[in-house]
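Student: Protein chains in written order, with my numbering: chain W, 4 to 187; chain Z, 5 to 279.
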Ligand code: SF4
């Protein structure tokens with residue numbers, strides 16, 4: 004049971020209505036709709052941070068699934084496991100990102116390893132990022148990419164805590180799909 | 005000139021800002037939009053806040069204020085507050101007109117010959133028919149109160165809220181309001197809106213955003229598209245006409261309203277004559 008009332012299409016506030024235009028917008032929108040002016044700016048921001056951009060879809064899902072696993076957000080881990088499959092990640096890669104297998108037993112690409120080291124340091128650490136982690140990502144990713152990926156970690160962490168605190172429910176078809184893939 | 009002031013001056017945005025003074029009421033009408041009753045949660049917006057809204061509305065370029073509820077005159081401090089608000093902008097206050105005892109009438113002295121008008125509900129020309137939906141003694145109290153208010157130098161309007169009314173019944177109602185000292189131009193007739201308790205009694209017309217004027221309305225729960233917005237059903241405040249939860253500064257919902265008005269087809273609030 005979610006902690007707050009999720010607003011359905013019939014009660015969607017005026018600024019929220021466009022987000023309901025294509026059917027059920029999901030529980031992040033349905034909860035944020037309680038505060039339409041926040042929804043109005045948060046969803047475009049989340050869409051820009053997590054959606055298509057100059058960074059590959061695969062890299063973005065690596066970041067999102069890994070961050071969500073580190074923050075133990077069931078909603079985001081399950082929802083983005085399904086998205087990661089769509090983005091072409093393998094079952095083994097997803098399990099490693101979720102901490103169910105060692106990262107370096109599955110990932111070999113130095114760019115991806117540097118990125119995952121960065122994600123772990125940003126999402127899981129406290130205080131400054133260790134110098135060797137900064138050096139590793141700097142050598143392999145451009146500044147604008149580091150900025151975007153770091154913001155992506157932050158946006159994901161925000162959503163992780165939001166979805167966990169409010170006990171947002173995972174969509175039934177996602178649960179069904181993950182059950183079939185043995186990835187629930 | 006602010007964008008709001010310009011939109012009001014151009015007629016793109018209605019000039020009146022409404023506020024819900026409270027949500028409780030001494031009556032419990034069958035068609036009440038807010039499910040108001042004596043024991044409803046009060047949700048009082050507060051005297052200070054009403055004065056602040058009046059100030060902000062005037063600064064932004066709105067031209068009028070409206071106060072509704074619940075029954076606003078259950079709040080003892082209301083007359084003084086209305087008097088202060090009217091120093092900023094003209095005020096229209098909606099009331100059921102049943103609380104005007106000698107004592108309350110005396111407390112209305114500061115409103116005499118001010119820019120404060122009262123809109124009082126009177127639905128039918130016959131006591132029994134009127135009181136069927138509005139409660140016992142409603143008719144008698146209203147017809148007693150109206151001339152007294154008029155005598156005290158307070159502008160009074162009569163609002164008739166009905167599903168339908170026969171011509172002959174309307175003629176008698178109009179004769180009655182004229183007799184009470186209310187001219188025809190101060191009598192408005194409007195449909196019951198199918199929100200709040202009207203849903204449970206299967207009454208009224210469905211009113212959507214497109215059917216009602218975009219009159220900024222502030223309550224303790226946020227800012228709404230119209231005074232028909234912050235209605236209550238099954239004890240929960242409706243959010244389908246919610247604009248923003250933020251009401252301070254008033255420019256936040258006012259600018260959001262202006263944006264929404266820009267997205268709406270022109271002239272779209274005329275169909276139901278809900279005003
Ligand atoms: S319709 Fe007006 S008078 Fe009747 S219960 Fe509601 S608030 Fe009170």
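All C-beta atoms, glycine included, are put in the ideal place defined by N, C-alpha and C. Please read all numbers here as calculations on a predicted model, not as lab measurements.
Ignore the nearest five residues each way along the sequence and tell me which others in residue 279 of chain Z's own chain have a CB closer than 8 Å to its CB.
Tutor: Reliability of the predicted coordinates at residue 279 of chain Z is poor, the pLDDT of 47 falling under 50, and the value obtained from them is presented with this limitation in mind. Contacts found: 192, 194 and 217.
Student: Could you tell me which whole alpha helix (DSSP H) segments of length 4 or greater appear in the stretch 94-172 of chain W?
Tutor: The stretch 94-172 of chain W contains these whole alpha helix (DSSP H) runs: 94-100, 113-127, 134-143 and 146-168.
Student: What is the DSSP secondary structure of residue 130 of chain Z, reduced to helix, strand or coil?
Tutor: Note: residue 130 of chain Z maps to coil in three-state DSSP.
Student: On the three-state DSSP scale, how would you describe residue 231 of chain Z?
Tutor: If DSSP states are grouped into helix, strand and coil, residue 231 of chain Z belongs with coil.
Student: Relative to the C-alpha of residue 74 of chain W, which candidate in W/118, W/87, W/85 and W/125 has its C-alpha closest?
Tutor: Nearest of W/118, W/87, W/85 and W/125 to residue 74 of chain W, Cα basis: W/125.
Student: Taking only beta-carbon atoms, is residue 18 of chain W less than 9 Å away from chain Z?
Tutor: Residue 18 of chain W counts as touching chain Z.
Student: Determine the DSSP secondary structure at residue 261 of chain Z, reduced to helix, strand or coil.
Tutor: Helix.
Student: Which bits of chain W does residue 215 of chain Z rub up against, with CB to CB less than 9 Å?
Tutor: Neighbours of residue 215 of chain Z on chain W: none; closest Cβ ~14 Å, over 9 Å.
Student: CA-CA distance, residue 265 of chain Z and residue 152 of chain Z?
Tutor: Taking the straight line from one Cα to the other gives about 41 Å.
Student: Rounded to the nearest angstrom, what separates residue 221 of chain Z and residue 231 of chain Z at their Cα positions?
Tutor: Using only the alpha carbons, I get a separation of about 6 Å.
Student: In chain order, which beta strand (DSSP E) runs of at least 3 residues are fully inside the stretch 33-82 of chain Z?
Tutor: Fully enclosed beta strand (DSSP E) runs of 3 or longer: 68-72.
Student: For residue 99 of chain Z, decide whether its Cβ has a neighbour in chain W, counting only Cβ atoms nearer than 9 Å.
Tutor: Not one chain W Cβ lies under 9 Å of residue 99 of chain Z.
Student: Can you tell me which of the three DSSP states residue 82 of chain W falls into?
Tutor: Looking at residue 82 of chain W - three-state DSSP - the assignment turns out to be helix.
Student: Put residue 237 of chain Z into one of helix, strand or coil per three-state DSSP.
Tutor: Strand, per DSSP.
Student: Could one say the Cβ of residue 138 of chain W lies closer than 9 Å to chain Z's Cβ atoms, at least one of them?
Tutor: Closer than 9 Å: no.
Student: Determine the extent of the beta strand (DSSP E) in which residue 191 of chain Z is found, giving its start and end residues.
Tutor: 191-195 is the extent of the beta strand (DSSP E) around residue 191 of chain Z.
Student: Kindly say whether residue 278 of chain Z, judged by its beta-carbon, lies nearer than 9 Å to any beta-carbon of chain W.
Tutor: Low confidence applies here, because residue 278 of chain Z scores a pLDDT of 49, under 50, leaving its location unreliable; read the following figure in that light. No, residue 278 of chain Z does not count as interfacial toward chain W.
Student: Under 8 Å: does the beta carbon of residue 35 of chain Z sit that close to some heavy atom of ligand 1?
Tutor: The answer is yes for residue 35 of chain Z.
Student: Could you tell me the alpha carbon to alpha carbon distance between residue 70 of chain Z and residue 94 of chain Z, rounded to whole angstroms?
Tutor: Taking the straight line joining both Cα atoms gives about 9 Å.
Student: Got a sec: is the Cβ-Cβ distance from residue 109 of chain W to anything in chain Z below 9 Å?
Tutor: Residue 109 of chain W does not count as touching chain Z.
Student: Once DSSP output is grouped into helix, strand and coil, what is the label at residue 124 of chain Z?
Tutor: Strand, per DSSP.
Student: Any beta carbon from chain W within less than 9 Å of residue 164 of chain Z's own beta carbon?
Tutor: Chain W contact via Cβ: absent.
Student: Are residue 233 of chain Z and residue 244 of chain Z close, meaning C-beta to C-beta below 9 Å?
Tutor: The answer is yes: Cβ separation under 9 Å.
Student: Could you tell me whether any non-hydrogen atom of ligand 1 is closer than 8 Å to the CB of residue 31 of chain Z?
Tutor: Yes; taking the cut-off as 8 Å, the Cβ of residue 31 of chain Z has a heavy atom of ligand 1 nearer than that.
Student: Residues of chain Z with CB under 9 Å from residue 183 of chain W, in chain order?
Tutor: By Cβ distance, chain Z contributes nothing, its closest Cβ being about 37 Å from residue 183 of chain W, past 9 Å.
Student: Please decide whether residue 46 of chain W counts as near chain B, where near means a Cβ-Cβ distance under 9 Å.
Tutor: Included in the structure are the protein chains W and Z, with no chain B among them.
Student: I'd like to confirm the pairing. Which residues does DSSP put opposite residue 266 of chain Z in its beta bridges?
Tutor: For residue 266 of chain Z, which the question treats as bridged, DSSP gives no partner whatsoever.
Student: Please identify the residue among Z/197, Z/62, Z/249 and Z/46 whose C-alpha is closest to the C-alpha of residue 212 of chain Z.
Tutor: The shortest Cα separation from residue 212 of chain Z among Z/197, Z/62, Z/249 and Z/46 belongs to Z/197.
Student: Along the stretch 17-44 of chain W, where does the CB come closer than 7 Å to a CB of chain Z? Name the residues.
Tutor: Of all residues in the stretch 17-44 of chain W, 17, 18, 38, 39 and 40 have a Cβ within less than 7 Å of some Cβ in chain Z.
Student: Quick one, which of Z/156, Z/88 and Z/60 has its alpha-carbon nearest residue 2 of chain Z's?
Tutor: Outside the modelled stretch of chain Z, which goes from 5 to 279, sits residue 2 of chain Z, for which no answer is possible.
Student: So the candidates are W/16, W/137 and W/100; which of them puts its Cα closest to the Cα of residue 260 of chain Z?
Tutor: Ranking W/16, W/137 and W/100 by Cα distance to residue 260 of chain Z puts W/16 first.
Student: Closer than 8 Å by C-beta to residue 76 of chain Z: which residues in its own chain qualify, once you throw out the five before and the five after it? Chain order, please.
Tutor: 25, 26, 82, 97, 98 and 99.
Student: Residues in the stretch 237-265 of chain Z with C-beta within 9 Å of chain W's C-beta atoms, listed in sequence order?
Tutor: Under the 9 Å Cβ criterion, the stretch 237-265 of chain Z contributes 240, 242, 243, 244, 245, 246, 247, 248, 249, 250, 256, 257, 260, 261, 263 and 264.
Student: Distance, Cα to Cα, residue 69 of chain W vs residue 41 of chain W?
Tutor: Each residue's alpha carbon lies about 27 Å from the other.
Student: Would you please state the rounded distance, in angstroms, between the beta carbons of residue 5 of chain W and residue 113 of chain W? I believe it to be under 8 Å.
Tutor: Actually they do not touch by this definition, with Cβ atoms about 42 Å apart.
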